[in-house]
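Yeah, the sequence shown ends on 1243 if you go by my numbering, and it's all consecutive.
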Amino acid sequence: MTSTGIRLHAPAPGWSIDADVVVVGSGVAGLTAALRCEAAGLTTVVVTKARLDDGSTRWAQGGIAAALGEGDTPAQHLDDTLVAGAGLCDEEAVRILVTEGPDAVRRLIATGAHFDESTDGRLELTREGGHHRRRIAHAGGDATGAEISRALVEAVRARGLRTIENALVLDLLTDAAGRTAGVTLHVMGEGQHDGVGAVHAPAVVLATGGMGQVFSATTNPAVSTGDGVALALRAGAEVSDLEFVQFHPTVLFLGADAEGQQPLVSEAVRGEGAHLVDADGVRFMLGQHELAELAPRDIVAKGIMRRMRERDAEHMYLDARHFGAEMWEHRFPTILAACRAHGIDPVTEPVPVAPAAHYASGGVRTDSRGRTTVPGLYACGEVACTGVHGANRLASNSLLEGLVYAERIAADIARTGTLHPREPQPLPVTERPAHPLLAPETRFTIQRAMTRGAGVLRSAASLAEAADRLHRLHADARDALDENGKTAEPGVDTWEATNLLCVARVLVAAAQRREETRGCHWREDRPERDDTVWRRHIVVRLNPDRSLAVRTTDTTDFPPTLTRPQEQ
């Protein structure tokens, strides 16, 4: 796979540092990869967009899934994952996840993460949607992500890993052979480095998280603007299954016009016995699935949306008043505090909820070692498409995927590092501003177009409207550059808006191509699942002229990511 030659318009790097590995992102995937690479003797640099603990991991409430309980097995975990993935999971990728997962969690505990335990010292496990057994380990009741983040950040600092915080990654650097040679980045504010610089390294690990900010309402933090996917596309990497965006069924409803990050009401609340009801108190998920409120997330989200349309309502309710104050305060203190901060007391009243963008099941296409289609570029966590999630992620598999595949990436880098020693310098960054930047306010135009046209419920008409709006934004920026060579001023806001447009175009193109309903891709004009035609993956790459090349795989299997003999 060759580079597109496209890069973000930015000043030339004014400083640089050298490393064996640069990890971009500081969630569970990024920090696990960095710690394992450092333990293997590799000089490792962690680059993160905000502070080390500001990514999506710390917002994870429910927990981490693994076959750790009595009577549970990886085979049962595999079955539940495959069912949730609606026929598009890579079975071998899932087998790796569920088989290596329990020991990966134990290593996380050895690193310093403290999970909730019962009085006899065993892990306290709960259930979430799609799981037939209690296999979700949690911490602090509903603060699992925060505890995992704390433990990993402390380990990184104790090991003395070099970190660059408040840094937005811009583009991939390559050497004369087309291999990865590092990244360019912009450091915001004062510190050891400032402005645009570069980290030179023969291995780059993308662990940049999701792209939830492409929609108006999301559970994702403000930093989740699809930067890793956009970087990979510009570098020539393939992206797969981006149409499968999971909308979490139960997000605290703050009003129809609410925008930005919304408070999540964890699936674990339903796992402990909360009920979804309409305004009349009717449990509408009964009879829709054998697991009712604990059906896979796509089914619950669709059930809520259907009931909302039937009742002409803006939201439904989650009723857990029967928990009582003590259980709320002990088991779900974070959610309780968030609800009360918005004037809702779940101890005494049902909680208004509605679906919101939550998790990208697709992403940068990788193999079982985390390798992308660009030599030397790896991806793990939400930015990646390993094949584990298929058309719909099983609850609490995301933290586990970050752990397992980060460890596999570190092992592969350590194994192949001697094949590709550190290059003294990558190729010079071209002076041509190949990718015009969008004005910061374009971000809101993109979000509203995506929410209207490519949200929970989609159709050919709605997707065409979104595609047209995105194309006009793309063409306007291109034409402005062609006429006078000018573009919006480089800066975090313009780079983020440009990245959002890039991933939005890919998402809509894939959603238009998939003419069926499967998993969390819901086409009201194509309501049935069609395994004969569409049990396939949709792969997208960026052409040098910035157009999109969209193709459908011949089978459910992904083709190999790398074919050069030295890469095997």
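Glycine is no exception: its CB is placed at the ideal position from the N, C-alpha and C atoms.
Exercise. Specify whether the segment 925-943 and the segment 980-1000 touch according to this definition: at least 3 beta carbon pairs, one from each stretch, less than 8 Å apart.
Key: Cβ pair count under 8 Å is three or more, so yes.
Quiz item: Would Pro-896 pass as a contact of Gln-936 if the rule is Cβ separation under 7 Å?
Solution: Walking along the sequence shown from the start, residue 896 turns up at place 221. Walking along the sequence shown from the start, residue 936 turns up at place 261. Against a cut-off of 7 Å, the Cβ pair of Gln-936 and Pro-896 comes out as a contact.
Practice problem: Please name the residue in Pro-1030, Leu-847, Ser-1071, Ala-1135 whose C-alpha comes closest to that of Val-703. | Solution: Within the sequence shown, residue 703 is the residue found at index 28, counting from 1. Per the C-alpha coordinates, the member of Pro-1030, Leu-847, Ser-1071, Ala-1135 positioned closest to Val-703 is Ser-1071.
Quiz item: Of all the alpha helix (DSSP H) runs that stay within the bounds of the segment 886-946, which reach a length of 4 or more residues?
Solution: Unbroken alpha helix (DSSP H) stretches of 4 residues or longer found wholly inside the segment 886-946: 902-909, 942-946, given in chain order.
Quiz item: CB Pro-1219 to CB Asn-1067, shorter than 7 Å?
Solution: Locating residue 1219 in the sequence shown gives position 544, where the first residue counts as 1. Locating residue 1067 in the sequence shown gives position 392, where the first residue counts as 1. Between Pro-1219 and Asn-1067, the gap from beta carbon to beta carbon reaches 7 Å or more.
Quiz item: What residues match up with His-875 in a beta bridge as DSSP calls it?
Solution: By 1-based counting over the sequence shown, the position of residue 875 is 200. The beta-bridge partner set that DSSP reports for His-875 consists of Asp-693, Gly-857.
Quiz item: Using a Cβ-Cβ cut-off of 6 Å (strictly less than) and excluding sequence neighbours within five positions of Ala-685, which residues of its own chain qualify?
Solution: Here residue 685 corresponds to residue number 10 of the sequence shown, with the count starting at 1. The answer, listed in chain order, is Leu-845, Val-871, Pro-1165.
Self-check item: C-alpha gap between Pro-1234 and Val-758, whole angstroms
Solution: In the sequence shown, counting from the first residue as 1, residue 1234 sits at position 559. In the sequence shown, counting from the first residue as 1, residue 758 sits at position 83. CA-CA distance, Pro-1234 to Val-758, rounds to 23 Å.
Exercise. Below 8 Å on the Cβ atoms is my guess for Ala-931 versus Glu-989; work out the distance and round it to an integer in Å.
Key: Numbered from 1 along the sequence shown, position 256 holds the residue referred to as residue 931. Numbered from 1 along the sequence shown, position 314 holds the residue referred to as residue 989. Confirmed, Cβ separation roughly 5 Å.
Exercise. Determine the direct distance from the alpha carbon of Ile-1019 to that of Leu-908, and round the result to whole angstroms.
Key: Translated into positions along the sequence shown, residue 908 becomes position 233. Translated into positions along the sequence shown, residue 1019 becomes position 344. Here the C-alpha atom of Leu-908 lies approximately 43 Å from the C-alpha atom of Ile-1019.
Practice problem: Using the Cα positions of Leu-1176 and Val-1215, report the straight-line distance between them to the nearest angstrom. | Solution: Sequence index remark: in the sequence shown, residue 1176 carries index 501 (1-based). Sequence index remark: in the sequence shown, residue 1215 carries index 540 (1-based). Straight-line Cα distance between these residues: approximately 15 Å.
Quiz item: Is it true that the CB of Ala-830 sits closer than 7 Å to the CB of Ala-788?
Solution: Position 113 of the sequence shown holds residue 788. Position 155 of the sequence shown holds residue 830. No; because the gap between Cβ atoms is not below 7 Å, this pair is not in contact.
Quiz prompt | Distance, Phe-919 Cα to Leu-1074 Cα | solution = Taking the first residue of the sequence shown as 1, we reach residue 1074 at position 399. Taking the first residue of the sequence shown as 1, we reach residue 919 at position 244. Approximately 18 Å between the Cα atoms of the pair.
Self-check item: Counterpart residues of Tyr-1034 in DSSP-defined beta bridges
Solution: Position 359 of the sequence shown, counting from 1, holds the residue named residue 1034. Residue pairing by DSSP puts Tyr-1034 in a beta bridge opposite Gln-921.
Quiz item: Would Ala-708 pass as a contact of Val-1063 if the rule is Cβ separation under 7 Å?
Solution: Counted from its first residue, the sequence shown places residue 708 at position 33. Counted from its first residue, the sequence shown places residue 1063 at position 388. No. Outside cutoff.
Practice problem: Output the boundary residues of the alpha helix (DSSP H) element that contains Val-1022. | Solution: The residue labelled residue 1022 in the question sits at position 347 within the sequence shown. DSSP places Val-1022 outside any alpha helix (DSSP H), giving it a letter other than H or E.
Exercise. Report the three-state DSSP secondary structure of Gly-870 (helix, strand or coil).
Key: By one-based count along the sequence shown, residue 870 stands at place 195. Gly-870: strand per DSSP, three-state reduction.
Exercise. Identify, in the order they occur along the chain, each residue of the same chain with its Cβ nearer than 7 Å to the Cβ of Ala-1135, setting aside the five sequence neighbours on each side.
Key: Position 460 of the sequence shown holds residue 1135. Excluding residues within five positions, the ones whose Cβ falls inside 7 Å are Asp-1200.
Practice problem: Report the rounded CA-to-CA distance for Thr-631 versus His-1017, giving the unit in angstroms. | Solution: This structure cannot settle anything about residue 631, because the visible part of the chain is limited to 676 through 1243.
Quiz prompt | Arg-683 classed as buried or exposed, judged by whether at least 16 other C-beta atoms fall within 10 angstroms | solution = Position 8 of the sequence shown, counted from the first residue, corresponds to residue 683. Looking at the sequence itself, residue 683 is Leu, so the reference to Arg does not match. With 16 or more Cβ atoms within 10 Å of its Cβ, Leu-683 is classed as buried.
Quiz item: For Thr-849 versus Ser-731, is the C-beta distance shorter than 7 Å?
Solution: Sequence index remark: in the sequence shown, residue 849 carries index 174 (1-based). Sequence index remark: in the sequence shown, residue 731 carries index 56 (1-based). Ser-731 is positioned such that its CB atom lies no closer than 7 Å to that of Thr-849.
Quiz item: In the DSSP assignment, what are the bridge partners of Val-722?
Solution: Your numbering for residue 722 matches position 47 in the sequence shown. Partner(s): Val-699, Ile-839.
Quiz prompt | Beta-carbon contacts of Arg-810 that lie in its chain and below 7 Å, excluding the five residues immediately before and after | solution = To locate residue 810, count along the sequence shown from 1; it is residue 135. Same-chain partners within the cutoff: Ala-740, Ala-741, Ala-742, Leu-743, Gly-744, Asp-747, His-752, Leu-800.
Quiz item: Does the segment 1001-1018 come close enough to the segment 811-823 that 3 or more CB-CB pairs lie under 8 Å?
Solution: Yes: the two stretches touch, three or more of their Cβ pairs being nearer than 8 Å.
Quiz item: Considering only residues of the same chain and omitting the five flanking positions on each side of Pro-1030, which have a CB-CB separation below 7 Å?
Solution: Counted from its first residue, the sequence shown places residue 1030 at position 355. Taken in chain order, the residues that qualify are Phe-922, His-923, Pro-924, Val-926, Ala-976, Ile-979, Met-980, Val-1131.
Quiz item: With 16 as the cutoff for other CB atoms within 10 Å, does Ala-714 come out buried or exposed?
Solution: In the sequence shown, the residue the question calls residue 714 occupies position 39. So Ala-714 ends up on the exposed side.
Self-check item: The beta strand (DSSP E) enclosing Thr-1117, as first and last residue numbers
Solution: Along the sequence shown, one-based indexing puts residue 1117 at 442. Taken as a continuous stretch (DSSP letters only), Thr-1117 belongs to no beta strand (DSSP E), being part of the alpha helix (DSSP H) at 1117-1128.
Quiz prompt | Beta-carbon separation (whole angstroms), Val-880 vs Cys-1014, contact threshold 8 Å | solution = What you label residue 880 is simply residue 205 of the sequence shown in a count that begins at 1. What you label residue 1014 is simply residue 339 of the sequence shown in a count that begins at 1. In this structure Val-880 does not touch Cys-1014 by the C-beta definition: roughly 37 Å separates them, more than the 8 Å allowed.
Quiz item: With respect to the beta strand (DSSP E) encompassing Leu-1217, which residues constitute its N-terminal and C-terminal limits?
Solution: For this step, residue 1217 is matched to residue 542 along the sequence shown. 1213-1217 is the span of the beta strand (DSSP E), which, as asked, contains Leu-1217.
Quiz prompt | Close-in-space but distant-in-sequence residues of the same chain around Ser-793 (CB under 7 Å, 5 per side omitted) | solution = In the sequence shown, residue 793 corresponds to position 118, counting from 1. Here the set comprises Glu-799.
Exercise. Please classify His-806: does DSSP put it in a helix, a strand, or coil?
Key: Here residue 806 refers to the residue found at position 131 when the sequence shown is read from its first residue. The answer is coil: DSSP assigns His-806 none of H, G, I, E or B.
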